[in-house]
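Protein chains in written order, with our numbering: chain A, 14 to 505; chain B, 14 to 505; chain C, 14 to 505; chain D, 14 to 505.
Number of protein chains: 4
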Amino acid sequence: MSTLTTPTVTFKVADIELAEAGRHQLRLAENEMPGLMALRDEFGPSQPLAGARIAGSLHMTVQTAVLIETLVALGATVRWASCNIFSTQDEAAAAVVVGPTGTVAEPAGVPVFAWKGETLDEYWWCTEQIFDWSAEAAAAGADWTGPNLILDDGGDATLLVHKGREFELAGAVPETPADASTEYRVILDVLRRSLATSTDRWTTIADGIGGVTEETTTGVHRLYELHAAGDLRFPAINVNDSVTKSKFDNKYGIRHSLPDGLNRATDVLMGGKVALVAGYGDVGKGAAEALRGQGARVIVTEVDPICALQAAMDGFQVARLESVVGDVDIFVTGTGNKDVITLDHMLAMKHLAIVSNVGHFDNEIDMAALESLEGAERVEIKPQVHEWRLPTGRSILVLSEGRLMNLGNATGHPSFVMSNSFTNQVLAQIELYTRPEAYPVGVYVLPKHLDEKVARLHLDALGVELTELSPEQAAYIGVTVDGPYKVDHYRY
Amino acid sequence: MSTLTTPTVTFKVADIELAEAGRHQLRLAENEMPGLMALRDEFGPSQPLAGARIAGSLHMTVQTAVLIETLVALGATVRWASCNIFSTQDEAAAAVVVGPTGTVAEPAGVPVFAWKGETLDEYWWCTEQIFDWSAEAAAAGADWTGPNLILDDGGDATLLVHKGREFELAGAVPETPADASTEYRVILDVLRRSLATSTDRWTTIADGIGGVTEETTTGVHRLYELHAAGDLRFPAINVNDSVTKSKFDNKYGIRHSLPDGLNRATDVLMGGKVALVAGYGDVGKGAAEALRGQGARVIVTEVDPICALQAAMDGFQVARLESVVGDVDIFVTGTGNKDVITLDHMLAMKHLAIVSNVGHFDNEIDMAALESLEGAERVEIKPQVHEWRLPTGRSILVLSEGRLMNLGNATGHPSFVMSNSFTNQVLAQIELYTRPEAYPVGVYVLPKHLDEKVARLHLDALGVELTELSPEQAAYIGVTVDGPYKVDHYRY
Amino acid sequence: MSTLTTPTVTFKVADIELAEAGRHQLRLAENEMPGLMALRDEFGPSQPLAGARIAGSLHMTVQTAVLIETLVALGATVRWASCNIFSTQDEAAAAVVVGPTGTVAEPAGVPVFAWKGETLDEYWWCTEQIFDWSAEAAAAGADWTGPNLILDDGGDATLLVHKGREFELAGAVPETPADASTEYRVILDVLRRSLATSTDRWTTIADGIGGVTEETTTGVHRLYELHAAGDLRFPAINVNDSVTKSKFDNKYGIRHSLPDGLNRATDVLMGGKVALVAGYGDVGKGAAEALRGQGARVIVTEVDPICALQAAMDGFQVARLESVVGDVDIFVTGTGNKDVITLDHMLAMKHLAIVSNVGHFDNEIDMAALESLEGAERVEIKPQVHEWRLPTGRSILVLSEGRLMNLGNATGHPSFVMSNSFTNQVLAQIELYTRPEAYPVGVYVLPKHLDEKVARLHLDALGVELTELSPEQAAYIGVTVDGPYKVDHYRY
Amino acid sequence: MSTLTTPTVTFKVADIELAEAGRHQLRLAENEMPGLMALRDEFGPSQPLAGARIAGSLHMTVQTAVLIETLVALGATVRWASCNIFSTQDEAAAAVVVGPTGTVAEPAGVPVFAWKGETLDEYWWCTEQIFDWSAEAAAAGADWTGPNLILDDGGDATLLVHKGREFELAGAVPETPADASTEYRVILDVLRRSLATSTDRWTTIADGIGGVTEETTTGVHRLYELHAAGDLRFPAINVNDSVTKSKFDNKYGIRHSLPDGLNRATDVLMGGKVALVAGYGDVGKGAAEALRGQGARVIVTEVDPICALQAAMDGFQVARLESVVGDVDIFVTGTGNKDVITLDHMLAMKHLAIVSNVGHFDNEIDMAALESLEGAERVEIKPQVHEWRLPTGRSILVLSEGRLMNLGNATGHPSFVMSNSFTNQVLAQIELYTRPEAYPVGVYVLPKHLDEKVARLHLDALGVELTELSPEQAAYIGVTVDGPYKVDHYRY
């Protein structure tokens, strides 16, 4: 696999000199990520992550670059891969490799194994690299060879460690099942190669890891399953369910990036149009607010009667997709479920209706059925924007091939939103590293006072003046002056 | 106490003939309370509350009248008192006493012990009456003498039973402490009279009660304390923390009734004015939305950094009250804390600034300090609207004497909102009565599928079409087709 | 007509002592009418209306009381009647009669001929009184006997003068036509009595009048017709079409008073309901914004394609009433046309749908057809709220008997909005009185710099900081630093 | 000037083969321009523009391409140039040249003289070409040599004709003044070359022109001046002041394109930020609504007290820029005036505040002062996004170098908005061509029934159902059933 021998990012940087452009963007992003910058100010002197060796697997974007450099500023050593084959911003990767004080000629940053448009082979090779700390160990004269923390998004890094250890204990990697996905085949190949070299590499790595902090719903779901099965090897902090993550990322992130994606993809006026938002969870709430804010008339579909009632009380029509499909100009899915927009729906849509997804997987829209539809023709208007000419004589416009259009057609969540999420990540890393006794193997959410701290670190940038409780007031409602201020089940 | 010998509501009804007016209002309210009406349709035939004897203590309003008649329609026998000396709507009480099929001459309804403007003595006498089921027992030839369920708001009915039993076991009611509140003095008097008559009356009543369903935060707080101390005598369902209660009552109820109260009290244009909302919990969120919807510029104060960040992300200025006090035209407190608006604040306000509270107690605004301020003069503009002329030469307008202005200056939450809350109440009563084995002594929230059912029963009235999951979709997200659809900690 | 011998308002005041309550309300209203108060400050010293004798005919409300006392503060002598038989607030009338410095025993205010609930005979008697200045003339030793200015709302005062003069010139009042309206009969009677006493009374009065300022669309329409026919006897200023009148009164006034009226009439939750707003002019725009602000889903009907397109671009569904009549919970008309809601519509509505009008006449809803419908029954829920039981078995709720519900069920436009309208009135009176040479007989709108002045006088109260043009900037856009800032056809 | 000999767009098309990409975009744009497509349906059969020879000068975008092909579909012959050196979308130009039925090898479209990034020499050469109809005349065997209609944007085409004629009558082009702008120098050069060839070319052209329809405020302003000076040579229709142009283009266009530009330029989260909108005319109203819709807190600056009062009534803080400059994250100018943001303002801004203009000229922001500021450094983050490092140690981000950022950083107004504007254009061309007797030399706005027609043609695409007046209703309000529905001074 010859391509795997060359693409160290360091080389690419020297070659393509993206680092300076990336550094410009980092400087602007830092201004929008006050939580991370505040952590640098607060914890820079005390270096709580000194000694931490973090293997990170998360979209290698400009925002992640600010996260990485924050971890470094707090004392950590870091190796990084992306968690998605398409999401790397090469200039951000380059800037991180060069580092804030390095130059292209003499990089002084963090090893990053990620570039835009990896193959699956390359992707898992990259992931493997973040666990190979032999160079760092040699430089430090240390006896460890792996990381002691994982920062994960989607759980691929955690998966590799657990599967590697499992197969090492079993003595062999199993045969690849006939119906295995392409991705699983690649993983098995990677581990087969590994076992050919060492029979305890992943076992040793697993033993050395003090914990993982996980970014996403999907990754968290895997962790709970692993723990329920008794197989989790180290403690995990569920960053996803911090209020300042899930309620902000989903609602306010989508409110920003949905119209951005529609604009960049189609330039279509939203005002006066009929837009359908499937799902009125936090994603749907953000989407509906954004579309209304642009003058669209929004119709919501919902399965959950509580969310449906909320949508109605917020002034939206709530209908079944079938009832209104022919009136809708813009479809947006945000349910996290599959087959929300079916082929039958697509065949009943208006000519050039826009079909897009900000939920999760590309099966929210039944793209598979569309792609195999006899007589349908796909015309690329521009990258990530395709007109599908249907046998009905009408066309529909599908964005990002049914995948997340706020990533595919726009630039995803903005820095300020990611600053909330990533400040949770850093605090979670500090928790695991500095208070291991508090976290036996298990899955945890961050304690509420840290969730509140994340919010607190983002207030000054918005000019927010926070009121302080007097001791009498705090006593009156049964809290301390410094919080936490709410019961755990408070819904915000 | 001679007044206590006459005021049976039955007599008042005959005397004042309010019943017909009340029945008109009930008919209109029924149209706005689809949840309760749906329960009558669903459970009328099966009579799940047949045999239930419910002692109810909750504001005796038109909406409560529909609740009471729903309980009766499901088989229950009911006696009722209000939980507040001012909140009774006499025509509603009269209509309930007469009953849907009765006449003023031959009432066929429910005994109600409540009228607008009770004294504290009268209030606790009324509360006592809902536990005296001797007439019903005699008619039924039964050996019980009390209720077997309580429906409570604020916990006064529950308190009376627990205190009565406590003193009976102790053998005597203790001396009234020198610093006892007026209300506690009255309670002790009531129980002293009771013990003079019977030494086991409340003990017997307590033993006969299968559970209580509690409406409010305050009442729920008391129940958790009682249970933590090991003193709770029967299971309790915390209706307050159903999503369809707390998220709807607080947010959408206040959104409706705050501007209504401001209008009825002052007729002041909200558009263009600066309004300050203290607290950005559900109450504050509803208040801020309502004021913005009328064109006011809203400033929020907050103590909790997460809620403060939400307010900022929703586009509101977040400031300390001190920073903006002189710019604000309308003050609204919704914190649930005390001393949120202090005397110093009031002295710094604009001339004729409006000061109002939709939070909880009247100490959110430091009315005590205002009332004892040297040189301040109180001028009644009309009932519940007072100009306080301050020594500064400026005046402020205080609504409802600092108490809940949406009740004092308007008519509280509208029927549709209360239908959500009360449908929870009825379902909770059914749960306790029909599935006692599921509820050992303790404090419970309603299971999520019932919370979802409450929402479901309110959708048709709003023209909401709910989407149904296919079995494949349900399996895909790990739920059943009929719900519940979310994990317990989901925040909505 | 014996009742006409007693009801001087001065007597009623002494009798009922409403004046003090009225004075409280005036003090509060003054705080909300900064334009009028600023005129008192600016023009009080120079007394531009000294010598002006103003006959006023305009709803005798608290806000009008502040207007009247402003005219007096600027030097005018005033006599007043209401322009509507129902709209007088008796306490306001009483307060004006007593005057700010008078007492009930020794009134020192303005003669007001108005009370709530006049008959038509009384109404026109009252209107007649504002033209009888014999007492004032006697006190002044003057040779005039009538006013020299009219301030009119709807044109009744202007009509009486013109008709009186016309019939005097003709020598007789014509026979009352068989198909004359009740009101026209009364007018003819009044003038017949007048001619029996004097053959040149109205001719003399008309000659003495320097002009009229007219408040409403209807009155303005009459003036343009009169002028087009060559019959207008004195100049008129069309106050209605000032931007600060029509754009503020209609849009922001209705935004305030529509939900207020719905609440006071029905207490029905607007959130989640389907509301239909007929007409998307300024009234409809205000109504739609208010309902959306309360969480209703708003559907608009329109005849004018430009306004319809605006409604769509603002995010509202635009439909024909027939298409959606069965889905609507709340109907609001604001078109200024007739038969907008027909009997057929009413028969197709949901049970207990609310039917209300904030447009103009009660024929926007075809009340006549409803009232003559065989088998319909009218049940008064409370004053101005009627359930109409229809032969279909369903009912509808009609507010204010189809008349303006923001007046009938609420208190009309709030003081701040009226301050804009009335500041235009006062400036118009000053124009006519101090610059008669600028206004030959004709109909005029106020010059734009005065319209801007009205706005300017309302900014401080809202904390608005206005930016000033530099001379260079003013020259650059071809205006002067002090305005006017826009071309005449600018649409705002 | 050798470059001028080659760049016929026909050649470029053959060379660069952009036409197909452009045709895709046209097809999508046609779906968003229902007004133009409806005109093709309505007037295609009758060919009202048969014989019309239109010289068009207007941004050569995709939307303009749809306009051009509409004119052709109605019978016109067309030659086109852009009215701006930067605004041409080359693929749109290419598609128009090729034409809907042509091929790159055999173009069958319209001669277009426009490409992205013209020099000023090239720009005026292009403008000259649209008046040279010798090829068309030769093909038709006709005796004319120029156009008989102009469709203008900004008035450059009209200017060239008038200046050319003026100098021909004078016998010579005057000396170029020492202080002439670069652009005026070029114009004089063009005309000098023309006079060297022909002494009556422009006079003949001017005599042959039946009128001009003008798109913009600036162009309209020039026309009124020309007419006031008695120099206008042919009638002009002011398309800019149609309601469906100015109220839609400015308000709804900016609402769409402002956030789009901010996103594409900076990816900065608008939610929670403080945004300042300078000017609350239609542009400012659209900008403020868009920013609020994204969760920003909006502060407005205004000079005109009426607009300031509107902003306050719409819930916005209105302040002077000086008072709040240090709190603002995003500055947006929309005043049409100069020096709205001065250098002093920029020096007082927060670090990395965003400075942008959607008003008109780049002097709304004093870019000249910034560019000449000692010690300031300009860093290009990406094209049209510059960080200016100021001597204060802070930076600001300037978008599009102070020019219109909705064009420079986004794609300008969306097709649907332009469809309104351009439908006015086509109707105005038809008016001038088919009813010349109705338009003696002068400047006209389109009659209101055509303005209403434009709106009407855009309703179906939005699913709007328009209500029809009954004859009785129409008579009642004094209009005809088909409109126009409002008086001319109605403000919408």
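For each residue, glycine too, the CB sits at the ideal point set by N, CA and C. Quick caveat: nothing in here was measured; it's all calculated off a predicted structure.
Find the nearest neighbour of residue i within the set the options, judged by alpha-carbon distance.
i, options, result
"C:Asp357", "C:Phe374, C:Leu365, C:Leu80, C:Leu334", "C:Leu334"
"A:Ser255", "A:Lys466, A:Ser483, A:Glu478, A:Glu43", "A:Lys466"
"C:Gly266", "C:Trp93, C:Lys298, C:Asn97, C:Ser70", "C:Lys298"
"D:Val117", "D:Arg36, D:Met283, D:Ser413", "D:Arg36"
"B:Ala219", "B:Val174, B:Ser432, B:Glu400, B:Pro449", "B:Val174"
"D:Ser207", "D:Gln142, D:Asp280, D:Thr279, D:Val233", "D:Gln142"
"C:Arg246", "C:Thr231, C:Leu470, C:Thr171", "C:Thr171"
"A:Ser434", "A:Ala468, A:Leu445, A:Ala423", "A:Ala468"
"B:Ala590", "B:Arg66, B:Thr158, B:Leu271", "Beyond the ends of chain B as shown, which are 14 and 505, falls residue 590 of chain B; an answer cannot be given."
"C:Tyr503", "D:Asp317, D:Glu55, D:Gly221, D:Pro120", "D:Asp317"
"D:Ser385", "D:Arg407, D:Leu412, D:Thr355, D:Val494", "D:Thr355"
"D:Asp495", "D:Asp501, D:Asp166, D:Pro484, D:Pro404", "D:Pro484"
Can you tell me whether residue i is helix, strand or coil according to DSSP?
i, result
"B:Lys260", "helix"
"B:Tyr457", "strand"
"A:Ala241", "helix"
"C:Ile218", "helix"
"B:Gly339", "helix"
"D:Val467", "helix"
"D:Ala300", "helix"
"D:Arg92", "strand"
"D:His462", "helix"
Got a sec? Which residues, its chain only, sit under 7 Å from residue i by beta carbon, not counting five neighbours each side?
i, result
"A:Gly122", "Val109, Val110, Val111, Gly112, Gly115"
"D:Gly372", "Gly292, Val296, Thr346, Gly347, Thr348, Gly349"
For residue i and residue j, which I take to be in contact (beta-carbon distance under 8 Å), what is that distance rounded to the nearest angstrom?
i, j, result
"B:Met46", "B:Val125", "That pair is no contact at about 18 Å."
"B:Val439", "B:Leu133", "Between B:Leu133 and B:Val439 the Cβ distance is about 30 Å, and since that is not below 8 Å, they are no contact."
"C:Thr314", "D:Thr480", "5 Å"
"A:Gly177", "A:Thr231", "In fact, because the Cβ distance is near 20 Å, the residues do not count as touching under 8 Å."
Apart from the five residues on each side of it in sequence, which residues of its chain come closer than 6 Å, Cβ to Cβ, to residue i?
i, result
"D:Gln330", "Ile312"
Counting only the same chain and skipping the five closest in sequence on each side, list residues whose C-beta sits under 8 Å from that of residue i.
i, result
"B:Ile343", "Leu275, Val281, Met283, Lys286, Val287, Ala288, Leu289, Leu304, Ala309, Ala366, Ile367, Ser369"
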